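Q: Can you read through this structure? Questions will come right after.
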Amino acid sequence: MLCALPRYRDTGKPFEAFVFAIAGHKVADLQRAAMRHPGSTAVPSDEMPEQPDDSLGPEERALLSSDAEWAKKLLANLPENQRELVLLRVAVGLTAEETGQMLGMSPGAVRVAQHRALSRLRALAEQ
Numbered sequence: 001m002l003c004a005l006p007r008y009r010d011t012g013k014p015f016e017a018f019v020f021a022i023a024g025h026k027v028a029d030l031q032r033a034a035m036r037h038p039g040s041t042a043v044p045s046d047e048m049p050e051q052p053d054d055s056l057g058p059e060e061r062a063l064l065s066s067d068a069e070w071a072k073k074l075l076a077n078l079p080e081n082q083r084e085l086v087l088l089r090v091a092v093g094l095t096a097e098e099t100g101q102m103l104g105m106s107p108g109a110v111r112v113a114q115h116r117a118l119s120r121l122r123a124l125a126e127q
C-alpha cells in the first residue's frame, strides 16, 4: 500500500476506493497464486508457528488441482471486468457496495453484472 501512495491522484473519488482497489488487487493476486500452487501458503511470513502437518495427501491435492484448473479455465472465458468482479465478490467476499467503490460502479450495477457473469460461468460449466 505504501509503495502505491506516490501514484495516488485525486480524481474526485474517495481515497477509500483507492485503498480498496489496491487491497482487492493484492487479494486477487494471492487467490491466483493459491490456484496456481494449491496447498502452499500464499502469505509469506518469517514467523510461522510450529504446527502438525495437516497438508493434503496426493489424492486430495490432485482433486483440488484439477478443480482449480477447471475454475481457472472457466474464469479465463470471462471478460476481464467480469472476472475481476466475480473474484472480488465470490473469492474475496466483498459486499456489492465495496466492490462498486473499487470498480467505479453502483451497488445495483455490481449485482446485475455479477448475475450475468455467474450465469455465463454456469452456462460454460454445463458445456
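The UniProt record's numbering puts the last residue of the sequence shown at 127; the count rises by one with no breaks. By construction, the Cβ of each residue, glycine as well, lies at the ideal position given by its N, Cα and C atoms. Every value quoted in this text rests on a predicted model; they were computed, and no experiment measured them.
#1: What is the residue span of the alpha helix (DSSP H) that Gly-108 lies within?
#2: From this set, Leu-124, Arg-111, Gly-100, Gln-114, which residue's C-alpha is nearest Phe-20's C-alpha?
#3: Cβ atoms of Val-86 and Gln-114: under 8 Å apart, would you say?
#4: Would you grab the beta carbon distance between Gln-31 and Ala-91 for me? Rounded to a whole angstrom, and I think it's under 8 Å.
#5: Can the beta-carbon of Leu-94 be found less than 8 Å from the beta-carbon of Leu-121?
#6: Would you kindly work out how many angstroms separate the C-alpha atoms of Glu-80 and Arg-116, rounded to a whole number?
#7: How many angstroms separate the CA atom of Ala-34 from the CA atom of Gln-82?
#8: If you draw a straight line from the C-alpha of Asp-67 to the C-alpha of His-37, how long is it?
#9: Relative to the alpha-carbon of Val-27, which residue among Met-105, Arg-89, Ala-123 has its alpha-carbon at the smallest distance?
#10: Can you name, in chain order, every residue of its own chain whose Cβ lies under 8 Å from the Cβ of Ser-106, other than the five neighbours on each side?
#11: My assumption, with CB atoms under 8 Å, is that Ala-96 sits in contact with Arg-111. Please give the rounded CB distance.
A: Well, looking at it:
#1: Per DSSP, Gly-108 belongs to the alpha helix (DSSP H) from 107 to 126.
#2: Comparing Cα-Cα distances from Phe-20 to each of Leu-124, Arg-111, Gly-100, Gln-114, the minimum goes to Gly-100.
#3: Their beta carbons are under 8 Å apart, which means Gln-114 touches Val-86 by this criterion.
#4: Contact between Gln-31 and Ala-91 holds, with the beta-carbon distance rounding to 5 Å and staying under 8 Å.
#5: The Cβ-Cβ distance between Leu-94 and Leu-121 does not fall below 8 Å.
#6: Rounded to whole angstroms, Glu-80 to Arg-116 spans 14 Å at the Cα level.
#7: Rounded to the nearest angstrom, the two C-alpha atoms are 20 Å apart.
#8: Looking at the two C-alpha atoms, the distance is approximately 12 Å.
#9: When C-alpha distances from Val-27 are compared across Met-105, Arg-89, Ala-123, the shortest belongs to Arg-89.
#10: Taking C-beta separations shorter than 8 Å and ignoring five residues to either side along the sequence, the partners of Ser-106 in its chain run Gly-100, following chain order.
#11: So it is a contact: roughly 5 Å between Cβ atoms.
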